[in-house]
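Chains as they are written, first to last, in the numbering used here: chain A, 35 to 329; chain B, 35 to 329.
Quick reminder that beta carbons are idealized off the backbone N, C-alpha and C, glycines included.
Presented below is the structure to which this report refers.
Here's what the structure looks like:
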């Protein structure tokens with residue numbers, strides 16, 4: 035067995051992403067010599083113990099990070115500031131602090147200033163997820179053939195960046211670096227806006243009157259069913275993502291709304307050529323995705 | 035072998051839906067003694083002959099319907115008026131004319147007045163589809179455990195309605211009758227609006243500048259990928275659906291847009307409780323769908 039990348043990995047939060055990392059670390063053995071997790075609720079801690087996916091589970095984040103040479107924030111991004119404050123004095127000198135949050139400018143804003151000078155801070159975002167959450171939801175192939183984006187602030191220690199890249203490659207992901215503002219903009223359109231739309235249309239349908247509302251559920255055809263799958267995702271995680279990528283999300287929603295209004299106008303005035311052209315663009319994008327093996 | 039429901043079934047259009055019906059009829063033997071199809075292009079006719087999924091394939095819709103006791107319109111709904119005009123004088127007395135269009139008021143408006151008094155008209159809509167189209171896309175399990183909605187105008191012969199219901203049950207679907215305007219309203223929210231949104235967001239992404247546009251494709255996360263799957267659907271079919279369910283679609287889009295703007299306002303002003311509540315509703319709807327076994 036090769037020497038593990040880290041002696042002790044501390045996972046702060048052990049939901050879908052954290053518990054998948056824990057399971058992979060356990061299965062491979064070359065990621066961490068020991069995996070410690072922190073969970074806020076007694077129920078989650080009990081469940082993690084039952085699952086046996088970590089070496090230790092702590093109620094206190096400070097206790098979880100003590101002596102860890104890699105600390106990974108796996109909680110909803112809205113909890114990062116308080117978590118960072120709680121753990122900062124307890125981080126081991128030379129440790130790497132990383133995260134898995136879906137918004138990167140907010141993480142750098144909230145966590146960056148609290149990181150001790152002796153600790154390396156490497157923000158990261160594995161682009162993987164399902165509509166399930168909690169420690170039972172994780173699985174060892176979640177990151178396979180997916181991307182993990184690293185957004186290290188300027189001047190970050192390159193060796194630390196390299197070790198986090200290694201960790202994600204061992205989890206099965208491809209790794210790329212990206213500027214944080216650019217990350218937030220790209221994620222706003224490929225992930226955050228689609229989720230906002232999916233949550234919204236479920237509410238729109240749920241607001242329909244009486245009989246129609248019942249029949250929406252009964253006759254949910256392909257389109258709506260796919261939307262509800264996305265819409266079943268974790269409420270707190272997504273609330274935090276929306277609130278922490280506000281500017282980019284609102285800009286992309288504004289662009290989308292303009293485009294939807296243009297489509298509505300074409301429908302109202304019977305402009306078939308306009309509609310057909312927009313649908314053909316969707317097809318082309320789909321084809322590009324398939325060529326990029328992301329579909 | 036039981037006596038087939040129809041002596042000769044004529045399919046006008048042989049794409050995803052038509053070719054699935056043809057394949058099922060061939061496999062079961064108890065739907066039609068003979069299946070004749072009509073296709074507009076030489077390429078499709080050649081391909082259908084190669085596939086061997088019909089007994090005969092005709093370039094002329096009038097020739098396809100001659101002597102058929104069941105005629106099914108399986109073309110995009112925008113083509114129905116011209117098709118009905120072409121076939122009306124050639125329909126056999128006592129025949130049943132039905133369709134598979136996604137909009138029902140428009141079909142009754144466009145086709146109804148052209149149907150000879152001796153012919154029974156039973157509009158229908160199987161709620162099934164994939165993002166693929168053409169005669170190669172069909173398969174025998176497409177309608178299994180899906181709904182087929184019948185929207186017979188008042189006074190329609192009940193035996194004719196019963197035989198079309200039988201046909202769809204033999205295709206694996208559950209059958210329910212619905213008032214046409216109600217059908218169009220329910221379908222607007224469960225299917226037509228989700229498709230309009232999916233086509234639109236693909237265009238919004240495609241309009242992004244340079245580097246972002248490339249990265250949208252590269253890093254398409256779960257949400258966007260699901261949207262592009264819907265967005266790969268047949269352009270002419272969907273153009274016709276939008277144009278033929280205009281009022282209901284525009285009303286649902288207006289409702290959705292109001293709700294999206296309310297969500298945007300909550301994001302801008304940091305109203306986490308509002309956002310979380312909307313996401314929780316999405317989850318509840320998802321759960322209802324799963325209970326109804328539509329998921």
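Residue pairing of residue 40 of chain A in beta bridges, as defined by DSSP: A:66. Taking the C-beta atoms as reference points, residue 229 of chain B is found nearer than 7 Å to residue 272 of chain B.
The DSSP-derived three-state label of residue 325 of chain B is helix. At a cut-off of 4 residues, the continuous stretches assigned as alpha helix (DSSP H) that sit fully inside the stretch 210–259 of chain A are 214–221, 227–240, 244–252.
Between residue 254 of chain A and residue 50 of chain B, the CB-CB gap reaches or exceeds 7 Å. Assignment of alpha helix (DSSP H) within the stretch 275–302 of chain B, counting only whole runs of 4 or more residues, yields 280–302 in chain order.
Residues are counted here when their Cβ sits less than 9 Å from a Cβ of chain A; for the stretch 226–239 of chain B these are 226, 227, 228, 229, 230, 231, 232, 233, 234, 235, 236, 237, 238, 239, given in chain order.
Cβ neighbours of residue 231 of chain A within its own chain (closer than 8 Å, five residues either side excluded): 261, 290. Linking residue 198 of chain B to residue 225 of chain B through their CA atoms gives a straight-line distance of about 23 Å. Your pair residue 236 of chain B and residue 135 of chain A does not check out as a contact, with CB atoms roughly 26 Å apart and the cut at 8 Å. Interface criterion not met: the Cβ of residue 76 of chain B is under 7 Å from no Cβ in chain A. Residue burial annotation: residue 303 of chain B is exposed, with fewer than 16 other C-beta atoms found within 10 angstroms of its C-beta. Within the stretch 287–300 of chain A, the residues whose Cβ lies closer than 7 Å to any Cβ of chain B are, in chain order, 287, 289, 290, 291, 293, 294, 297, 298. In the displayed model, residue 155 of chain A falls within a strand according to three-state DSSP. For the stretch 116–180 of chain B, the full-length alpha helix (DSSP H) segments reaching 4 residues or more read 139–145 along the chain.
Under the Cβ distance rule, residue 273 of chain B counts among the residues neighbouring chain A, one pair being separated by less than 7 Å.
As a beta-bridge residue in DSSP terms, residue 90 of chain B pairs with B:70.
Identification of chain A residues near residue 260 of chain B by a Cβ-Cβ cut-off of 9 Å yields 228, 232, 260, 261, 263, 264, ordered along the chain. Comparing alpha carbon positions, the residue from B:126, B:138, B:321 closest to residue 114 of chain B is B:138. Nearest to residue 287 of chain B by C-alpha distance, out of A:288, A:294, A:282, A:285, is A:294.
DSSP, read as helix, strand or coil, puts residue 54 of chain B in helix. DSSP places residue 195 of chain A in the uninterrupted alpha helix (DSSP H) bounded by 192–204. Beta-bridge pairing by DSSP links residue 208 of chain A to A:181. Among the residues of chain B, none has a CB under 7 Å from the CB of residue 111 of chain A; the nearest is roughly 12 Å distant. Bridge pairing for residue 106 of chain B: B:45, B:132 [DSSP].
For residue 219 of chain B, the chain A residues whose Cβ falls inside 8 Å of its Cβ are 246, in order along the chain. B:306 is the residue among B:269, B:233, B:306, B:258 whose C-alpha sits nearest the C-alpha of residue 280 of chain A. Among the residues facing chain A, residue 319 of chain B is included, as its CB has a counterpart in that chain under 7 Å away.
Any Cβ of chain B closer than 7 Å to the Cβ of residue 214 of chain A would place that residue at the interface, and such an atom is absent. Residues of chain B whose Cβ lies closer than 7 Å to the Cβ of residue 313 of chain A are, in chain order, 233, 269, 272, 273. Excluding five sequence positions before and after residue 162 of chain A, the CB atoms of its chain that fall closer than 7 Å to its own CB belong to 176, 177, 180, given in chain order. Scanning B:170, B:132, B:111 for the CA closest to the CA of residue 201 of chain B turns up B:132.
In this structure, DSSP gives residue 95 of chain B a helical state, which the three-state scheme calls helix. Burial is judged here by how many other beta carbons sit within 10 angstroms of a residue's own beta carbon; residue 185 of chain A has at least 16 and is buried. Counting only Cβ-Cβ distances below 7 Å, residue 322 of chain B has contacts in chain A at 251, in chain order. Contact between the stretch 115–128 of chain B and the stretch 139–155 of chain B is present, with at least three C-beta pairs closer than 8 Å.
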